[in-house]
DNA sequence: GTCTATAAGAAGATAGAC
DNA sequence: GTCTATCTTCTTATAGAC
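Protein chains in written order, with this note's numbering: chain A, 1 to 199; chain B, 200 to 398.
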């Protein structure tokens, strides 16, 4: 199992100064705002005051950067959502706080979360399966949360989950500040689904 | 009001043979599958057996092609959805058939619809406002359909619409044939929303 | 209306000096 | 660890022959 470096915050810093984190932050920001194809190695480098050639000292390709960004995105989102649900008992309330955490992440300040929800795996075909696997590993949280709900027999859990996540991930395309708070959007989405589907 | 050529099927063909339509079809297909940045003028030309230089006889830029594709997408989707709802009386049933028509378009064989729902306006910043306006003109159908529903007072119509359309437009990221039919997905989505929100 | 040819620039990536 | 310099390829777009 090679290439385990960004799976969690690791103690062993590769060499002396760690310039990888700033580079990944820059890449996440640019990927989130300009897309994968729309972001160049020059953009990423210059965002941290580095020339394009130097970026290749830290990452051997653009794909490798996307992979590392995705990995951190999954780790950060998972952590955030799991912390939120740990404080709750009621299964509907758990789902509610999970969607709130998810939505706040993709709306506010978390470029990593936006990359994971916005950049579709097929944009980088060579690493498509790795990206998809990482997405699924995050969405597994929602699989479990929804399995714990007391739902009517004729509700398709998978469809229910995909509907909710699809709606959530589309929010950033129309969201603008002042309209309605992310937490409230999440509450409303759950509310619009709950009464129809609860057993 | 210049540039009205592709608003509807127009009688006055620009010159003799009309090679614009095949070019737009090719562009729609490529934009839908490889994205706007991921599609080149070479790709578009070679898809209809034309060299890149020749494409510029018909369209002066890549942006202009995207604009024309979007225009046809709106026209085709609008027509399709409006035909579907014209046959119905009940407001919930109207919304149901509209979502079915929308979903079938983006799942099956309609590359134009996929371009409109997949390519976000900000991917082509110079024509962003035109693209957004076209999207809104299509979504206005759903604004009206939802306004006609007998909804509880505390349901936010706008949020309801964005939730539904967000869920619908995300279907193509996970849909695969044999799983469940597009029409059924649309029915289920409406069903999951109806009981919670109906007055 | 399509071709050839090419401009002019930007992309991902590498080699080697410092 | 970063820079300079560069290779190679690909990009959008244009000019002019046919």
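Even glycine gets a Cβ: it sits at the ideal position worked out from N, Cα and C.
Interface criterion not met: the Cβ of residue 250 of chain B is under 7 Å from no Cβ in chain A. For residue 140 of chain A, the number of other beta carbons within 10 angstroms of its own is below 16, and it is reported as exposed.
With respect to chain A, the C-beta atom of residue 358 of chain B has a partner C-beta closer than 7 Å. About 15 Å separates the Cβ atoms of residue 306 of chain B and residue 297 of chain B, ruling out a contact at the 8 Å cut-off. Taking a cut-off of 8 Å for Cβ pairs, the segment 320-328 of chain B and the segment 274-294 of chain B do not touch, as fewer than three such pairs fall below it.
Contacts between residue 156 of chain A and chain B, judged by CB atoms closer than 7 Å, involve 387 in chain order. Residue burial annotation: residue 52 of chain A is exposed, with fewer than 16 other C-beta atoms found within 10 angstroms of its C-beta. The segment 53-70 of chain A and the segment 157-168 of chain A do not touch, with fewer than 3 CB-CB distances between them shorter than 8 Å.
Close to residue 361 of chain B, with beta-carbon spacing below 8 Å, are these residues of chain A in chain order: 167, 170, 171 and 174. Taking the Cα of residue 24 of chain A as reference, the smallest distance to any Cα among A/38, A/48 and A/33 is reached at A/48.
One alpha carbon belongs to residue 350 of chain B, the other to residue 312 of chain B, and they sit about 29 Å apart. Annotation for residue 194 of chain A: 92 place their beta carbon closer than 8 Å to its own, counting only its chain and skipping 5 residues before and after.
Under the Cβ criterion of 7 Å, residue 237 of chain B is counted among the residues facing chain A.
In its chain, beyond the 5 residues on either side, 98, 101, 102 and 141 have a beta carbon closer than 7 Å to the beta carbon of residue 81 of chain A.
In the same chain as residue 271 of chain B, and ignoring 5 residues on each side of it, the C-beta atoms closer than 8 Å to its own belong to 205, 223, 227 and 311, in chain order. Taking 8 Å as the upper bound on Cβ-Cβ separation, chain A lies near residues 319 and 322 of the segment 315-333 of chain B. Under the DSSP assignment, residue 221 of chain B falls in the alpha helix (DSSP H) whose first and last residues are 219-233.
Taking 7 Å as the threshold, the shortest C-beta distance from residue 192 of chain A to chain B falls below it.
By the neighbour-count criterion, in which a residue is buried when 16 or more other Cβ atoms sit within 10 angstroms of its Cβ, residue 177 of chain A is exposed.
Taking every protein chain shown into account, the CB of residue 144 of chain A has fewer than 16 other CB atoms within 10 angstroms, so this residue is exposed. One finds 192 in chain A with Cβ atoms closer than 7 Å to the Cβ of residue 396 of chain B, taken in chain order.
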